[in-house]
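Going down the list, the protein sequences come from chains A and B.
Residue 7 is where the first sequence starts when you use my numbering, and the numbers rise one by one after that.
Residue 7 is where the second sequence starts when you use my numbering, and the numbers rise one by one after that.
The beta carbon of each residue, even a glycine, is placed where N, CA and C say it ideally should be.
Only one structure is covered here, and it is reproduced in the block below.
There are 2 protein chains.
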Amino acid sequence: MPRPSRIREKRESLLPVLADAFTELGYRRATTAALAERCGVQENILYRLWPDKKAMFVAAIEYVYDFSEQTWLRLLERRRGEGSAAQKLLAFEAEHHGEFGHYRIIFAGLSEADDPDVRETLRRVYARFHRFLLGQIVSHRQAAPAPQALPADLAAWAVIGLGTVSNIARELGALSDADRRRLIHTVGRQLLEGDSR
Amino acid sequence: MPRPSRIREKRESLLPVLADAFTELGYRRATTAALAERCGVQENILYRLWPDKKAMFVAAIEYVYDFSEQTWLRLLERRRGEGSAAQKLLAFEAEHHGEFGHYRIIFAGLSEADDPDVRETLRRVYARFHRFLLGQIVSHRQAAPAPQALPADLAAWAVIGLGTVSNIARELGALSDADRRRLIHTVGRQLLEGDSR
DNA sequence: CGATACTGTATGTGTTCGCTTACATTGTGC
DNA sequence: GCACAATGTAAGCGAACACATACAGTATCG
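Following this line, the structure appears as structure tokens:
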């Protein structure tokens with residue numbers, strides 16, 4: 007049994023590069039030639055790692071979400087004891103939301119969502135995102151109970167919407183950095199509390 | 007001066023067809039051949055009406071927003087005297103939000119936003135959308151003043167975010183129709199009032 | 001060693017795309 | 001009715017694309 011396969015490791019080492027490429031170029035302009043060049047390999051090597059370009063795209067979407075979630079989890083480990091986890095996340099995102107531009111790969115995915123595989127991948131990613139946020143909101147509210155006009159599951163979706171519109175505004179230059187911070191902070195807090203205070 | 011030009015009329019008559027095509031197919035799959043076939047003309051006729059495919063896309067985006075805004079204005083004229091205009095819009099959108107699928111052309115645009123023309127068009131469209139919503143929120147709050155924790159301009163952006171996440175959920179099948187209605191209704195009202203009640 | 005599967009390089013290939021060109025037909029103002 | 005621009009039809013063109021093939025080098029095992 008000569009030369010054990012390094013396919014798995016190779017896939018993992020190239021995924022960040024693919025994710026960056028799709029993020030910067032979108033799906034259409036991220037040609038297989040461009041992907042291969044950025045990876046420093048020939049095209050057919052990519053085709054030995056994934057069956058087709060769509061599979062590379064789908065893998066990149068999942069990688070990007072994993073990356074984001076790990077960033078948040080690391081943040082929560084680092085910073086302890088200054089408010090609830092949800093508040094820390096909100097403060098962090100008000101500062102840094104979208105600065106990696108990774109939301110662009112989601113936009114690219116949404117415009118390819120007529121494809122069943124892409125749609126299913128996005129559905130799973132959004133479901134995970136929602137579950138994560140829901141957990142944060144619920145534990146925040148348990149720590150500081152209040153009259154809750156806004157159910158936590160809806161609040162979690164609304165937070166996703168808030169992040170999305172913030173990303174859109176960033177992409178289009180429709181809001182200044184300061185206004186985007188204000189938007190995330192103010193609306194985020196109201197959604198988090200489910201009430202105004 | 008023989009045969010006056012009907013270019014302007016032709017453009018206007020084909021715009022809805024182009025908008026539908028881009029909406030259904032996205033930018034990439036809406037090939038010029040497909041656009042021409044749906045319009046019932048040859049490709050080069052499209053090229054006599056617009057300089058290139060991108061211009062057709064940009065015109066379609068603007069048409070879609072005009073169409074939506076006119077729908078809302080007609081709604082406000084039709085239904086009188088049952089709550090504020092903003093409340094009527096909210097109730098209407100909770101029922102019908104996104105059912106034309108026109109949001110898809112916005113997704114397509116966002117994934118082509120690295121192009122300056124596309125980005126500028128989207129920026130203008132979002133600015134008009136924000137201005138429209140802001141006007142509705144302000145006049146609603148004037149009619150029924152309340153302690154406002156949430157500034158109206160931020161509320162307007164948040165409403166756009168709410169609509170966007172609702173569209174995403176529709177596209178991906180991530181929420182049932184009933185849950186989407188509940189989301190728009192509950193969060194929408196809270197954003198509109200800038201407070202809970 | 002030496003067989004063998006893994007890894008990399010170079011070069012097609014059929015198709016599709018955005019866009020163009022050539023040319024025939026039509027309708028209007030003088 | 002005739003000049004002439006507007007309108008339509010048909011064909012094609014270079015480039016780019018996703019993906020494939022052919023083959024040389026290489027590391028690992030018995």
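Integer-rounded CB distance, given that residue j should sit under 8 Å from residue i
i, j, result
"LEU168 of chain A", "LEU181 of chain A", "Actually they do not touch by this definition, with Cβ atoms about 12 Å apart."
"ALA39 of chain B", "GLU30 of chain B", "Between GLU30 of chain B and ALA39 of chain B the Cβ distance is about 15 Å, and since that is not below 8 Å, they are no contact."
"ALA100 of chain B", "HIS191 of chain B", "5 Å"
"ALA175 of chain A", "ILE111 of chain A", "Not confirmed; about 18 Å, so no contact."
"SER117 of chain A", "ALA66 of chain B", "The Cβ separation is near 14 Å, so there is no contact."
"TYR71 of chain A", "VAL131 of chain A", "5 Å"
"ALA155 of chain A", "ILE143 of chain A", "Not a contact, Cβ separation roughly 14 Å."
"ASP123 of chain B", "VAL64 of chain B", "6 Å"
"HIS108 of chain A", "SER145 of chain A", "At roughly 25 Å, the Cβ-Cβ gap does not stay under 8 Å, so HIS108 of chain A and SER145 of chain A are not in contact."
"PHE98 of chain B", "LEU81 of chain B", "6 Å"
"THR170 of chain B", "THR170 of chain A", "5 Å"
"LEU140 of chain A", "ALA164 of chain A", "Incorrect: roughly 11 Å between the Cβ atoms, too far for contact."
Residue-level contact to chain B via CB, residue i, 9 Å cutoff
i, result
"GLN260 of chain A", "Here chain A comprises residues numbered 7 to 203, so residue 260 of chain A is not present and cannot be evaluated."
"THR170 of chain A", "yes"
"ASP120 of chain A", "yes"
"THR192 of chain A", "yes"
"ARG203 of chain A", "Any reading at ARG203 of chain A is ruled out, since the residue's pLDDT is 44, under 50, leaving its predicted position unreliable."
"ARG85 of chain A", "no"
"ALA164 of chain A", "yes"
"PHE113 of chain A", "yes"
"LEU96 of chain A", "no"
"PRO157 of chain A", "yes"
"HIS108 of chain A", "no"
"LEU128 of chain A", "yes"
"LEU31 of chain A", "yes"
"TYR132 of chain A", "yes"
Burial state of residue i (16 or more Cβ within 10 Å)
i, result
"GLN148 of chain B", "exposed"
"HIS136 of chain A", "buried"
"LEU41 of chain A", "buried"
"ARG203 of chain B", "For ARG203 of chain B, the pLDDT reaches just 44, beneath the cut-off of 50, and the residue's location in the model is therefore unreliable, leaving the point undetermined."
"ALA133 of chain A", "exposed"
"LEU79 of chain A", "exposed"
"HIS103 of chain A", "buried"
"GLN76 of chain B", "exposed"
"ILE51 of chain A", "exposed"
"ILE166 of chain B", "buried"
"ILE13 of chain B", "exposed"
"ARG54 of chain A", "exposed"
"GLU15 of chain B", "exposed"
"ARG186 of chain A", "buried"
"LEU172 of chain B", "As written in the sequence, residue 172 of chain B is Ser, which differs from the Leu given in the question. Its Cβ being crowded by 16 or more others within 10 Å, SER172 of chain B is buried."
"ALA36 of chain B", "buried"
"ALA119 of chain A", "buried"
"GLU199 of chain B", "buried"
"GLU177 of chain A", "buried"
"ALA150 of chain B", "exposed"
"ALA184 of chain B", "exposed"
Cutoff 9 Å: residue i Cβ touching any chain A Cβ
i, result
"GLU101 of chain B", "no"
"ARG187 of chain B", "no"
"LEU178 of chain B", "yes"
"ALA175 of chain B", "yes"
"LEU116 of chain B", "yes"
"ARG34 of chain B", "yes"
"GLY167 of chain B", "yes"
"HIS146 of chain B", "no"
"ARG160 of chain B", "The amino acid at residue 160 of chain B is misidentified as Arg; the sequence shows Leu. Yes, LEU160 of chain B lies at the interface with chain A (some Cβ there is under 9 Å from its Cβ)."
"ALA40 of chain B", "no"
"ALA25 of chain B", "no"
"LEU181 of chain B", "yes"
"ARG125 of chain B", "yes"
heavy atom of the ligand ATP below 8 Å from residue i C-beta
i, result
"ARG34 of chain B", "The ligand ATP is absent from the structure shown, which contains no ligand whatsoever."
Whole runs of the beta strand (DSSP E) within the segment 97–160 of chain A, excluding any shorter than 3 residues: none
Length-filtered (4 minimum) alpha helix (DSSP H) runs lying within the segment 48–72 of chain A: 49–55
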